[in-house]
Amino acid sequence: MEHMEETKKEISLEESFEKLDEMLNELESPDISLEESFRVYQEGMKLLKQCNETIDRVEKSVLKLNENGELEEF
Amino acid sequence: MARNVYTVAQVNSYIKNMFTQDYMLQSISVKGEVSNCKYHTSGHIYFTLKDRSGTIACVMFAGSRSGLAFRMSEGMQVVVTGRIDVYERDGKYQLYAQKITRQGIGDLYARFEQLKRELEEEGMFAAQYKRPIPKYIRTLGVVTAQTGAAVRDIINIAGRRNPYVQIILYPAIVQGEAAVQSIINGIHALEDAGVDVIIAGRGGGSIEDLWAFNEEAVARAVFECSVPVISAVGHETDTTIIDFVADLRAPTPSAAAELAVYDIRELSERFSGVREMYRRGMERKLREAAMQLQNRKTRLRYLSPLSQIREKRNFAMNLEGALQEAMDRKLAEKRQRLLLYIERLKGLSPLEKLKQGYSYVSTTEGETLISVKQVKAGDRLKIYVTDGFVEAEAKSIGRLK
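Read top to bottom, the protein sequences are chains A and B. Position 46 of the first sequence, counting from 1, maps to 46 under my numbering, and the rest follow consecutively. Convert by adding 74 to the 1-based position in the second sequence; the result is the number in my numbering.
This is the structure:
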């Protein structure tokens, strides 16, 4: 279960970067209209914010598996 | 009969010479049991090599210590390779060791090569079975001894790169009889705990110390583990079986931590970088749009009726100016010509002549007197000067020749 969540997060981060690159290309192309530019920019910023939020920012201390199979501080 | 009597020095020298001349004694390998081993502070090692029948004194000088890769102790079975020579001072011969190895070490290497061949044939080293190491992990499992440089290095480097990754350590026994099962248990336990990647390894040591990581059972455990495994055994030059089976091989435990844990500072920078590019892209678009707007504004302003009127008015004013100028010029021209004529006329004016002292003389008939033929003596003449005339009578006529 936790595995799946991690892989999901894994895919989204890399995929997100890909999507961000795509959108950036769109933004930089001369063909795009001003309205479209606004939309792409906003979407990009939103995606970036999401990526940032998926990164855990809580510092962790090292845990060790003891004889009973339980976790304790190392 | 007189016997030759020699000195001790001569005899010892003679014997030493015999040894030196003996080809076999220059490099010989001797196996035996270590006894009376003394590690001197100078770095030299003195010991005795013994077997059932006898002993031989050995020394390994500090300069040759690179030929010894482990700590020698009482009772060890070793093979000493070196030179047998005479220490004249004591009248003794010694084995001067260049290289010392454990007995049966050759066996271990052979076993390593064989297992490596077998498992390779089975396909366990094949690239297609290697699981990719996830880039952005949340949890890191470590199978290694809970004391020592390996675990310390891994924790330090992982923590430096990303303190938000959860490290779970399975404290394993990494050498000796219990090691194999301990390592296998560790891999299974961490797999069950659901970590994103496992580092399995230990610090440097001899081939015997590292042997657990060459065991088939451990190799299979690594191969079958559903979580990607990074092998981190010993130093860069040490290779064990699990280095081939693992999903990724790291030369050292420190390197393993770098491979497993992404650097969050780099990720943050990447985020900033992307944000900056978007901002700039948007800025550029806005600037372009503003420029386009300005461009049209200018053109519109130019085309406006007010602007057109101003334009025409300007044009008219210029024309007027030009006209005026042309007119003035023409007038000046004509005036100039007039002045010239006046001057010429003045030049030709009889009044001027009169002013210069010339007179205009006319006969009584009113003819202008030019020649003496027109007059004879006694005729009346009128002499005109500037301010009047003088009536005169011709007295006599003279001719110019």
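By construction, the Cβ of each residue, glycine as well, lies at the ideal position given by its N, Cα and C atoms.
In the DSSP assignment, Leu380 of chain B falls within the unbroken alpha helix (DSSP H) covering 379 to 422. Below the 7 Å Cβ cutoff, chain B contributes Arg212, Tyr238 as neighbours of Asp56 of chain A, in chain order. DSSP places Gln366 of chain B in the helix class (H, G or I) of the three-state scheme. For Lys60 of chain A, at least one C-beta of chain B is nearer than 9 Å to its own C-beta. When C-beta distances to chain B are compared with 9 Å, the residues of the segment 34 to 58 of chain A below that value are Leu34, Ser37, Phe38, Val40, Tyr41, Gly44, Met45, Leu48, Cys51, Asn52, Thr54, Ile55, Asp56, Arg57, Val58, in chain order. By the 16-neighbour rule on beta-carbons within 10 angstroms, Pro327 of chain B is buried. The beta carbon of Ser116 of chain B is closer than 7 Å to those of Ala136 in its chain, skipping five residues each way along the sequence. Thr218 of chain B counts as buried, since at least 16 other C-beta atoms from the protein chains shown sit within 10 angstroms of its C-beta. Boundaries of the beta strand (DSSP E) around Arg276 of chain B: 271 to 276.
Assignment of beta-bridge partners to Gln50 of chain A by DSSP yields no partner. Assignment of Ala306 of chain B by DSSP, reduced to helix, strand and coil, places it in the strand class.
Secondary structure at Lys173 of chain B: strand, using DSSP grouped into helix, strand and coil.
The alpha helix (DSSP H) runs of length 4 or more contained entirely in the segment 300 to 364 of chain B are, from start to end of the chain, 315 to 319, 327 to 334.
Here Ala451 of chain B has Ala468, Lys469, Ser470, Ile471 as same chain residues with Cβ atoms under 8 Å from its own Cβ, once five neighbours each way along the sequence are excluded. With a threshold of 9 Å between beta carbons, Glu18 of chain A makes no contact with chain B. For Val108 of chain B against Glu148 of chain B, the beta-carbon gap comes to about 6 Å, under 8 Å, which counts as contact. Close partners of Pro245 of chain B in chain A (Cβ separation under 8 Å): Lys64, Leu65. Beyond the five residues adjoining it in sequence on each side, Leu63 of chain A comes within less than 8 Å, by CB distance, of Leu71, Glu72, Glu73, Phe74 in the same chain, given in chain order. Listed in chain order, the alpha helix (DSSP H) elements of length 4 or more contained wholly in the segment 199 to 275 of chain B are 223 to 235, 253 to 267. Rounded to whole angstroms, Arg176 of chain B and Gly215 of chain B show a C-alpha spacing of 35 Å.
Comparing alpha-carbon positions, the option among B:Ile207, B:Glu196, B:Gly260 lying closest to Asn66 of chain A turns out to be B:Gly260. Non-local beta-carbon contacts of Val225 of chain B in its own chain, meaning distances under 6 Å to residues more than five positions away in sequence, involve Thr218 in chain order. When Cβ pairs closer than 8 Å are counted between the two stretches, the segment 195 to 212 of chain B is seen to touch the segment 321 to 340 of chain B, the count reaching three or more. The alpha carbon of Val459 of chain B has as its nearest neighbour, out of B:Gln448, B:Leu425, B:Val449, B:Ser445, the alpha carbon of B:Leu425. The bridge partners DSSP lists for Val449 of chain B come to none. Going by C-alpha positions, Gln100 of chain B is about 32 Å away from Phe186 of chain B.
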